[in-house]
Each structure stands twice: as structure tokens, then as C-alpha cells.
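Comments concern the structure below.
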Amino acid sequence: MKKYNFSPGPANLSDSVLELTKNNILEYKDTGISILEISHRSEEFQLILHQTKENLSKLLHIPKNYHILLLQGGATFHNTFIANNIEHQKSLTNLITGSWGQNTYEDFLKIRNTNKILLKNEQIEEFLDNQLLKAHKVSDYMHITSNETIEGIQIRDFNKIQSNLIIDGSSDIGSYQFEWDNVAYLYAGAQKNLGIPGVTLSIIRDDFIKQNNNSVYLNLKKLVEKDSLLNTPPTFSIYILKLVTDWMIKEGGVSYFEKQSIEYSNLVYSLLERYDKYVSIPVESYSRSRMNIVFNFKNEDYENLFIKESLSNNILGIKGHRNVGGIRISLYNSVDEHMLKFLLEFMESFFKKL
Ligand code: PMP
923 MKKYNFSPGP ANLSDSVLEL TKNNILEYKD TGISILEISH RSEEFQLILH
973 QTKENLSKLL HIPKNYHILL LQGGATFHNT FIANNIEHQK SLTNLITGSW
1023 GQNTYEDFLK IRNTNKILLK NEQIEEFLDN QLLKAHKVSD YMHITSNETI
1073 EGIQIRDFNK IQSNLIIDGS SDIGSYQFEW DNVAYLYAGA QKNLGIPGVT
1123 LSIIRDDFIK QNNNSVYLNL KKLVEKDSLL NTPPTFSIYI LKLVTDWMIK
1173 EGGVSYFEKQ SIEYSNLVYS LLERYDKYVS IPVESYSRSR MNIVFNFKNE
1223 DYENLFIKES LSNNILGIKG HRNVGGIRIS LYNSVDEHML KFLLEFMESF
1273 FKKL
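Be aware that the sequence shown starts at 923, since it is given in our numbering, and climbs by one per residue.
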């Protein structure tokens, strides 16, 4: 029985992607072998890699002076990878708006110096409008987490920040358009908007890539020179990334998903606001994530009942992260109209009977 997957990741995949995957697991094109068995040096895989990068460039409007790398190790590996590849003499700041940004800061500090700016969700808008920025030293590079998956806090206007950004875009990549002007490095695990775990996408501006003596898998320049094929890449995860990006282009690209996520998240947030007798939303409206909607019941018994009833209604993955509790509904790109309608009806009928 098909369930409705609203989990924070690994996330829901569109049915058309699953259908194609199913066929190609049995046999990929006319190769006589499964996509799971295919060599990363084969012509077929070279084509998959090439087309995946083309899809990403097209969807995200990646300028010519950026390189695309597809690595293993998840977004977590990037804490180590990036800290080892930023030139030592460059200054760095971590802008922290939630748990993932905090983790990155702590990992960076084990490897190199960095400054920290800690922002509460209600300070983000003011910060972006440059009021607070003036009080801080502007660094050569600033790390941000564009969407804090656990707390449901998003910084979509990061183009306003006057620093070269290093962005963890794991949980909102491909859901809105932005300019590349102040982006030096963007990385994202694929398992939310772009596919399944196992591959992490990096998009790196030319001038960030410097020669160093790092060991092989920490050596950004070598990995770029070998075009993601320095060692065996996660072939199957890359293949799914290709299918998901094909699907995204067919649906209408990032602008289509941006419109969808505005509409869907507005519907859920406004329903919650209508029932503010029972629930509260901890994030103020400017910084509310369109990907992960976090809220709390004022009465804990209702919260437990909500989770229990969601499960018996085949809705999966909406229990909040263990560190913050509450409820978290993830509305990634693959959540379609039917799923959303089902969710809204469930929520509305739950609140009505309280
Ligand atoms: N950053 C963000 C914003 C995330 O949501 C996650 C995972 N949920 C991570 C980093 C860690 O990613 P990974 O599990 O791929 O290492």
C-alpha cells in the first residue's frame, strides 16, 4: 500500500522516477546488465554523468566559471572537505541559524580558524537588510545553511550578504532561483530535493579551487581535474540524480517548483494560523521554511494523538526532530497536489474535532 511520505529525507520520489528506476534495475537500456552493475568507466555511465551535469547547469543556471563535482560522504563530509580546502590566509565566518550550521561551525573549528555569528530566526531579516552586518567584520568567506532542516528556518535572500558564500543547500536546492554573484561554493546532499543518499553535489567557483597537498579525497583541485572520477563514484545515486533532474526540467524547472512551494507552504502555514488556539509556529514569517514546516501543539497530548493519527492515515515522517520535538512536515519538490490535498484534509479534520 502506497503511503504519503512527508519525511525530511531521504524523501519522497516522484512515481515516474521510481517507475524508470524499476525497469533499469532489471536491465539498463540494451546493455544486458543492471544500472546497479554498470562500470563508471563505461560509455553509458559517461553519458549519464555528462547529462546530469548538463541538467544541473540548466536548472540552476550555473555560470561557466563554476565546476560541478559529485562526491560521496554526504553534506557532513563537506565540513571536513571545505575546511581543508579554504586557503589558510583567508578569513572565514560561520553564520549560524540552526543545528546544521552549528555542526559545521564546530567541525570547521577543529581544522581552522573561523568567526561565528549566531542569529535567531527573528533577526535574520534585519541581518540581511544589513543592519547587523555592519557590526561584524566581513570575512573573505561566510558559511551559511540556506535551509535549517531541523528548525524549519530558511534564508532565501542570501544574495544580499556581502561576502563570498559557502552554502549548505542540502534541504532547499532546486526550490527557488537565486544569483550566483556572491556564491563561491554550494553543496547539497541529494536525498531531499534531488534524489537519494550517496551523492553530494558541489558547485564551485573557479577562484576557490587552489593547489594544496591534501590527501586524495580531500584534494578539491585533483577531484575537479578528474571530473568526479578520481575514484569510483556513487553510480546509482548519480543515475537517480539524473532521473530527478530530467523530471524537474520536464515539470517546468526551478521556477515551477518555486511557485509550487510558495503555494503549498502558504496553504499549510495559513491552516496552522487558523488553528493557533492549538498550535504555535516557532519561526517568524520572514524566515519560515517552505521546505520544512515546523510547529508545536500547545497541549502535548494532542501532539501525540496527531502523530498517531497521521500514521494510521498513511502519512509518514512528520514527527519533529528528536532535538526539538514538535511536528515537522517536509514539502520537498516531489510532494504533489494530491499528497498536499490529502495532508490538508487530514489536518483540518484533526483540528476540527479537537
Ligand atoms: N545539512 C543539512 C541542511 C541537512 O538537512 C542535513 C541532513 N538532514 C545535513 C547537512 C547532513 O547531511 P548528510 O546526512 O548528507 O551528511
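We treat Cβ as the ideally placed atom computed from N, Cα and C, and that holds for glycine. Quick caveat: nothing in here was measured; it's all calculated off a predicted structure.
Problem - Sufficient close CB pairs (3 or more, under 8 Å) joining the stretch 963 to 978 to the stretch 1100 to 1115 - result: no
Practice task
Determine, using beta carbons only, whether residue 1163 and residue 1233 come nearer to each other than 8 Å.
Solution key: no
Exercise for the section: Using only the heavy atoms of the ligand PMP, determine whether one of them is closer than 7 Å to the beta carbon of residue 998. Expected result: yes
Exercise for the section: State buried or exposed for residue 903, treating a residue as buried only when at least 16 other CB atoms are found within 10 Å of its CB. Expected result: In the structure as shown, the chain begins at 923 and stops at 1276. Residue 903 is therefore absent and cannot be evaluated.
Practice task
Would you list the residues sitting across from residue 1278 in a DSSP beta bridge?
Solution key: Look at the range of the chain in this structure, 923 to 1276, and you will see that residue 1278 is not part of it.
Handout entry: Separation of residue 941 from residue 1049, as counted between CA atoms
Key = 45 Å
Practice task
May I ask whether a heavy atom of the ligand PMP can be found less than 7 Å away from the beta carbon of residue 931?
Solution key: yes
Practice task
Answer yes or no: do residue 943 and residue 1123 have a C-beta to C-beta separation smaller than 8 Å?
Solution key: no
Exercise for the section: Keeping to the same chain, check which residues put their C-beta closer than 6 Å to that of residue 1225; ignore five residues upstream and five downstream. Expected result: 1219
Exercise for the section: Locate the beta strand (DSSP E) running through residue 1219, then write down its first and last residues. Expected result: 1214 to 1219
Exercise for the section: May I ask you to list the residues that DSSP assigns as paired with residue 1014? Expected result: 1063
Exercise for the section: Please determine, among 1271, 1223, 1156 and 1245, the residue with the shortest C-alpha to C-alpha distance to residue 869. Expected result: The structure shown does not extend to residue 869, since the chain spans only 923 to 1276, so no value can be given for it.
Exercise for the section: Would you mind listing the alpha helix (DSSP H) stretches within the stretch 1137 to 1182 that are 4+ residues and don't spill past its ends, in chain order? Expected result: 1142 to 1147 and 1157 to 1173
Practice task
Report yes if the C-beta distance between residue 1215 and residue 1253 is below 8 Å; otherwise report no.
Solution key: yes
Problem - the ligand PMP heavy atom lying under 7 Å from the CB of residue 952 - result: no
Practice task
Mind listing, in chain order, the continuous alpha helix (DSSP H) runs of no fewer than 4 residues lying wholly within the stretch 936 to 982?
Solution key: 937 to 948 and 965 to 982
Problem - Proximity winner among 1108, 1105 and 1016, relative to residue 1034 (alpha-carbon distances) - result: 1016
Practice task
For residue 1122, write down the residues that DSSP places opposite it in a beta bridge.
Solution key: 993 and 1111
Exercise for the section: Assign residue 1040 to one of three DSSP states: helix, strand, or coil. Expected result: strand
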